[in-house]
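Every position in the sequence shown, counted from 1, becomes a number in the numbering used here once 38 is added. Even glycine gets a Cβ: it sits at the ideal position worked out from N, Cα and C. All values derive from a computational prediction rather than experimental measurement. Down below is the structure, laid out as structure tokens.
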Amino acid sequence: MPKQIYLSALLLMFALAGIASAHPLGNFSVNQYSRIEIEKSKVKLRSVLDLAEIPTFQESQTIDTNRDSLLSEDELNAYASRITPNYLSNLLISVDGQSIELRETAKNISLPPGSGNLPTLRIEWDLIGDLPIENLSTVHRINFENKNYTERVGWKEIVIGRVAGVNIFDSSAFGSGITDELKAYPNETLNAPLTEKKAEFAFTTSTIPVGAKVLQNRDGHVSPPIEKDKFAELINVPEITFPIVLAGLLLAFGFGAMHAMSPGHGKTVVGAYLVGSRGTIKHAVFLGLTVTITHTLSVFALGIVALFASSYILPERLMPFLSFVSGLLVFFIGLTLFKDRLFSFLGWKTDNHHDEYNHEILPEDEISGNESQTHTHGGLTHTHGGSTHTHAPPENISWRNLLALGVSGGLLPCPSALILMLSAISLNRIGYGIILTMVFSIGLATTLTAVGLAFLFVGKFFESSALSNNRIVKVLPVFSAFVITCVGAVICYNSLV
Numbered sequence: 039m040p041k042q043i044y045l046s047a048l049l050l051m052f053a054l055a056g057i058a059s060a061h062p063l064g065n066f067s068v069n070q071y072s073r074i075e076i077e078k079s080k081v082k083l084r085s086v087l088d089l090a091e092i093p094t095f096q097e098s099q100t101i102d103t104n105r106d107s108l109l110s111e112d113e114l115n116a117y118a119s120r121i122t123p124n125y126l127s128n129l130l131i132s133v134d135g136q137s138i139e140l141r142e143t144a145k146n147i148s149l150p151p152g153s154g155n156l157p158t159l160r161i162e163w164d165l166i167g168d169l170p171i172e173n174l175s176t177v178h179r180i181n182f183e184n185k186n187y188t189e190r191v192g193w194k195e196i197v198i199g200r201v202a203g204v205n206i207f208d209s210s211a212f213g214s215g216i217t218d219e220l221k222a223y224p225n226e227t228l229n230a231p232l233t234e235k236k237a238e239f240a241f242t243t244s245t246i247p248v249g250a251k252v253l254q255n256r257d258g259h260v261s262p263p264i265e266k267d268k269f270a271e272l273i274n275v276p277e278i279t280f281p282i283v284l285a286g287l288l289l290a291f292g293f294g295a296m297h298a299m300s301p302g303h304g305k306t307v308v309g310a311y312l313v314g315s316r317g318t319i320k321h322a323v324f325l326g327l328t329v330t331i332t333h334t335l336s337v338f339a340l341g342i343v344a345l346f347a348s349s350y351i352l353p354e355r356l357m358p359f360l361s362f363v364s365g366l367l368v369f370f371i372g373l374t375l376f377k378d379r380l381f382s383f384l385g386w387k388t389d390n391h392h393d394e395y396n397h398e399i400l401p402e403d404e405i406s407g408n409e410s411q412t413h414t415h416g417g418l419t420h421t422h423g424g425s426t427h428t429h430a431p432p433e434n435i436s437w438r439n440l441l442a443l444g445v446s447g448g449l450l451p452c453p454s455a456l457i458l459m460l461s462a463i464s465l466n467r468i469g470y471g472i473i474l475t476m477v478f479s480i481g482l483a484t485t486l487t488a489v490g491l492a493f494l495f496v497g498k499f500f501e502s503s504a505l506s507n508n509r510i511v512k513v514l515p516v517f518s519a520f521v522i523t524c525v526g527a528v529i530c531y532n533s534l535v
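Next up, the structure:
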């Protein structure tokens, strides 16, 4: 195929990227679905396990027993058979306090496509168990608990199925699902996904007791398919050629720049920090380089964890920790700035200011009279001829604070970049993946740097304009430092909840 066609295909891919579905709960998620049915003297359980791209990539190291980087049908079936006994042992179901042993009647394992040419893993089990009761016309109570993957982030849904001749009531679960067995997810609940691990309900083949609550359906609107991650798809090209690489680098830079414009990523913090500071282009470039290096290294580090240490450290468990560290850095930067800027605004001394100032004032005949004067003042703010000014030195940029700010902006890795790196490994395109990740980080940092420069120029405009003596303008640096402190506190709080 000509190179021009490859290039066109790469660009066209992003316009048509909405064809395939991805995991709206994130590439780290492990999702589970359970449907329970009572039929005659049997209990039936339909169980579905759906692993997103990153946990699938981790499990593939176990599935690929011959190490040929391909997951054959035999390897998949062997893997499903290996994990089934342990998986079933964590599906606990009982009737009237008596445990029911489940046995497998059918199972299916498949690899639906995910982002960045990485597969997802889906296993479906049909299970059955005998009810140790003879008279079904009396009231009996079923208890169910799913103890699989309790520590993993993901959707957990339980449904009680209706069967003719069996009446279900007083159920803690609903009689209908909203994900079509984890094939589509409702828009309304993605921010608060279902975490149903337990269910209990009563059943009888006769009339429901008076006052009992009949089984209710669950209301929900299924969302349309989620688009594939466009940045992660950059690695999934038929051939690596110069035009393809050039287009990929341009797109990676653009995706990084656009990603920085999404909520978060420190734009508010960068702007608030630079308000009232004597920053220069040199400082802005340093900030951008720090963000680029930190973000690239964080992606590599999390990728190494996903590859080699997932048995000990779950990658998704590191994200809140990294977020907390980032928030802590922002909080302490803000607190320090708030103290210094408040003291400066009030005319109080701080460790950053001289205790005294001795200097000569211009002869009064150059100002308003003929008499010259020399004086000493220990305070920072005072009045000459009706004009109030301060001798507090302008706040200089702290390289330490700037470094901490850059680290906080790049510390939390973008999941899209991680997916791309893992895809690069699976496709044996590691070098290209590293370059794309670095360019993505540069795009991210460029946006943050541009935001910082914009705030600097706006600040200098206010300083040089007639508004410079406006009290609101003077208090703006203090307020911006307070904003930084609050943002850091919010980041820390959100990482803990």
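Sort out for me which residues DSSP pairs Trp163 with in a bridge.
Start at 1 with the first residue of the sequence shown, and residue 163 comes out as number 125. Beta-bridge partners of Trp163 (DSSP): Ser85, Lys145.
Checking the sheet assignment: what are the DSSP bridge partners for Ala237?
Numbered from its first residue, the sequence shown carries residue 237 at position 199. Bridge partners of Ala237: Phe182.
In the DSSP output, which residue or residues are listed as bridge partners for Leu129?
In the sequence shown, residue 129 corresponds to position 91, counting from 1. Leu129 is bridged to Asn184.
For the beta strand (DSSP E) that contains Ser72, what are its first and last residues?
What you label residue 72 is simply residue 34 of the sequence shown in a count that begins at 1. First-last of the beta strand (DSSP E) with Ser72: 68–77.
Would you check if the distance between the CB atom of Phe207 and the CB atom of Val133 is smaller than 8 Å?
Position 169 of the sequence shown, counting from 1, holds the residue named residue 207. Position 95 of the sequence shown, counting from 1, holds the residue named residue 133. Result no, Cβ atoms of Phe207 and Val133 do not sit closer than 8 Å.
Report the three-state DSSP secondary structure of Phe212 (helix, strand or coil).
As a working note, residue 212 is residue 174 in the sequence shown. Annotated three-state conformation of Phe212 is strand, per DSSP.
Residue of Leu449, Leu287, His297 minimising C-alpha distance to Phe362
Working through the sequence shown from its first residue, we reach residue 362 at position 324. Minimum Cα distance to Phe362 is reached at Leu449.
Please state whether DSSP places Ile278 in a helix, a strand or coil.
Taking the sequence shown and counting its residues from 1, the one referred to as residue 278 is at position 240. Note: Ile278 maps to coil in three-state DSSP.
Classify Met299 as buried or exposed, calling it buried when 16 or more other Cβ atoms lie within 10 Å of its own Cβ.
For the purposes of this step, residue 299 is taken as the residue at position 261 of the sequence shown. So Met299 ends up on the exposed side.
Once DSSP output is grouped into helix, strand and coil, what is the label at Ser518?
Residue numbering aside, residue 518 sits at position 480 when the sequence shown is read from its first letter. DSSP places Ser518 in helix when its eight states are reduced to three.
Mind checking Trp437: buried by the 16 CB within 10 Å criterion, or exposed?
Residue mapping note: residue 437 aligns to position 399 of the sequence shown, counting from 1. With fewer than 16 Cβ atoms within 10 Å of its Cβ, Trp437 is classed as exposed.
Which of the three DSSP states is assigned to Pro170 in this structure?
In the sequence shown, residue 170 corresponds to position 132, counting from 1. Coil.
Residues sharing a beta bridge with Val532, DSSP:
Translated into positions along the sequence shown, residue 532 becomes position 494. The displayed chain sequence assigns Asn, not Val, to residue 532. None; Asn532 has no bridge partner.
Where does Glu536 fall in DSSP's three states?
Here the chain comprises residues numbered 39 to 535, so residue 536 is not present and cannot be evaluated.
Sorted by chain position, which residues of the same chain lie with C-beta nearer than 7 Å to Val368's C-beta, five sequence neighbours on each side aside?
For the purposes of this step, residue 368 is identified with residue 330 of the sequence shown, where counting begins at 1. The residues are Val307, Ser446, Ile522, Val525, Gly526, Ile529.
Can the beta-carbon of Leu458 be found closer than 8 Å to that of Gly154?
By one-based count along the sequence shown, residue 458 stands at place 420. By one-based count along the sequence shown, residue 154 stands at place 116. Their beta carbons are under 8 Å apart, which means Leu458 touches Gly154 by this criterion.
Along the chain, where does the alpha helix (DSSP H) that runs through Phe346 open and close?
Stepping through the sequence shown from its first residue, residue 346 is reached at position 308. Counting along the chain, the alpha helix (DSSP H) containing Phe346 begins and ends at 319–346.
Just grab the DSSP bridge partners of Thr242 for me.
Taking the sequence shown and counting its residues from 1, one reaches residue 242 at position 204. Answer by DSSP bridge pairing, in chain order: Asn205.
Any 3 or more C-beta pairs closer than 8 Å across the region 234–246 and the region 273–285:
no
From Ser410 to Ser382, what distance separates their C-alpha atoms?
Position 372 of the sequence shown, counted from the first residue, corresponds to residue 410. Position 344 of the sequence shown, counted from the first residue, corresponds to residue 382. The predicted position of Ser410 is uncertain, since its pLDDT is 42 and thus under 50; a value taken from the coordinates is nonetheless stated next. Between Ser410 and Ser382, the C-alpha separation is close to 29 Å.
My assumption, with CB atoms under 8 Å, is that Gly292 sits in contact with Leu272. Please give the rounded CB distance.
Within the sequence shown, residue 292 is the residue found at index 254, counting from 1. Within the sequence shown, residue 272 is the residue found at index 234, counting from 1. At roughly 11 Å, the Cβ-Cβ gap does not stay under 8 Å, so Gly292 and Leu272 are not in contact.
Tell me, to the nearest whole angstrom, how far the beta carbon of Ser79 is from that of Leu129; I am working on the premise that it is less than 8 Å.
Numbered from its first residue, the sequence shown carries residue 79 at position 41. Numbered from its first residue, the sequence shown carries residue 129 at position 91. Not a contact, Cβ separation roughly 19 Å.
Closest by CA to Phe182, which one among Phe338, Gln136, Ala290, Ser518?
Position 144 of the sequence shown, counting from 1, holds the residue named residue 182. Relative to the Cα of Phe182, the nearest Cα in the group Phe338, Gln136, Ala290, Ser518 belongs to Gln136.
Counting Cβ pairs closer than 8 Å, one from the region 103–118 and one from the region 172–188, do we hit at least three?
no
DSSP three-state label for Lys221, please.
Looking up residue 221 in the sequence shown gives position 183. In the structure shown, Lys221 sits in coil (DSSP, three-state: anything other than H, G, I, E or B).
Ser214 and Ala237: beta carbons closer than 8 Å?
Sequence index remark: in the sequence shown, residue 214 carries index 176 (1-based). Sequence index remark: in the sequence shown, residue 237 carries index 199 (1-based). Not in contact: Ser214 and Ala237 (Cβ atoms no closer than 8 Å).
Cutting at 6 Å between CB atoms, please list the residues of its own chain near Ser148, excluding the five before and the five after it.
Translated into positions along the sequence shown, residue 148 becomes position 110. Cβ within range, chain order: Arg160.
What's the gap between the Cα of Glu77 and the Cα of Asn205?
Locating residue 77 in the sequence shown gives position 39, counting from the first residue. Locating residue 205 in the sequence shown gives position 167, counting from the first residue. Cα to Cα, Glu77 sits roughly 11 Å from Asn205.
Ala492 versus Thr245, Cys452, Ala322, residue with shortest Cα-Cα distance:
Indexing the sequence shown from 1 puts residue 492 at position 454. Cα-wise, what sits closest to Ala492 is Ala322.
Is it right to say Phe269 is buried, meaning 16 or more other beta carbons lie within 10 angstroms of its own, or is it exposed?
One-based indexing of the sequence shown puts residue 269 at position 231. The residue in question, Phe269, is buried, as its Cβ has 16 or more Cβ neighbours within 10 Å.
Taking only three categories from DSSP, how would you classify Val177?
Residue numbering aside, residue 177 sits at position 139 when the sequence shown is read from its first letter. Reduced to three states, the DSSP call for Val177 is coil.
On a Cα-Cα basis, can you pick out the residue from Ile342, Gly152, Val513 that is closest to Gly64?
As a working note, residue 64 is residue 26 in the sequence shown. For the residues Ile342, Gly152, Val513, the minimum Cα distance to Gly64 belongs to Gly152.
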